[in-house]
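Residues 219 to 448, numbered by my numbering, are exactly what the sequence shown covers, in order. Here a beta-carbon is modelled for each residue, glycine too, at the ideal position from N, C-alpha and C. Please read all numbers here as calculations on a predicted model, not as lab measurements. Let me begin by presenting the structure, written as structure tokens, before commenting on it.
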Amino acid sequence: MSQTKDDETIHGFSYENGKMRELLPDSAFSAATGINDAGQISGYFASRLGGITGFVWQDGKVMTIKAIRGQVSVPLAISNRAQVVGISSTGKKDEFHAFSFQNSRTTDLGTLGGTISQAQGVNDAGQIVGVSYLPDDEMPHGFVVEPGGKMIDINTRLENRGAAEVLIAGGINASGQIAATGFIGGNEIHALRLDPVRGSALKPGAASLLLLTVAGGFVAACENIRRRRG
């Protein structure tokens, strides 16, 4: 995002070959949130109806993203297959759900039982990750959605569930590795890396990684974000 010359509005922009270009110069506010290899940019802007509308921008052309229901759609990531994910209003008060948008269609991804969920990342295989509140709306858990599947609590895919509790799944790459945040040892928050298991025997990892055995799901490789002495 960047402020305009009059310092009164903030606009999303692209930067290429040393030049900055405003994406939606006529909007009161806009933000860019993601970009893929084709130069398609996801973002959102303040609409004239008073809501927040998501968009995909490419070469000066803009396609808007319809909310599940209501007036809020906020994209947070876009894949190389132009699949956009984020958070949207549902038409119910104080309820927002993760969504996927592709081929002009918005899909409600649901929640893990709570009233709020948010998709944070998507890879080219269509695997989606994010965060959702549980039924009590007090504790969030990271989730994964396989193409055509339902939202799954990542913690239910970990065989050694007592070693880590995944709170947020922030991104997923082409290999299916997930960047996440969660508890280690009950109350310490760490950066996490979740590696998919494909039926092969686990190999010892680096000394700085804690490996959690997973059956049919993931190996959680937990890297301490605090530097070790020595």
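Listed in chain order, the non-local C-beta contacts of V292 below 8 Å within the same chain comprise T251, Y262, I270, G272, G304, I305, S306, local neighbours out to five positions each way being set aside.
A Cβ-Cβ distance of about 17 Å is found for the pair A295 and S248, leaving them out of contact under the 8 Å criterion. Per the C-alpha coordinates, the member of V340, V349, E383 positioned closest to P365 is V340.
Note on geometry: alpha-carbon atoms of Q301 and I390 lie some 14 Å from one another.
In the three-state scheme derived from DSSP, where H, G and I count as helix and E and B as strand, R287 is classed as strand.
When secondary structure is reduced to three states using DSSP, T271 falls in the strand class.
Assignment of A392 by DSSP, reduced to helix, strand and coil, places it in the coil class.
In this structure, the alpha-carbon of I372 lies about 5 Å from that of F361. Taking C-beta atoms as the reference points, G288 and T308 count as a pair closer than 8 Å. The Cβ neighbour count for E406, taken over all protein chains shown within 10 Å, is under 16; the residue is labelled exposed.
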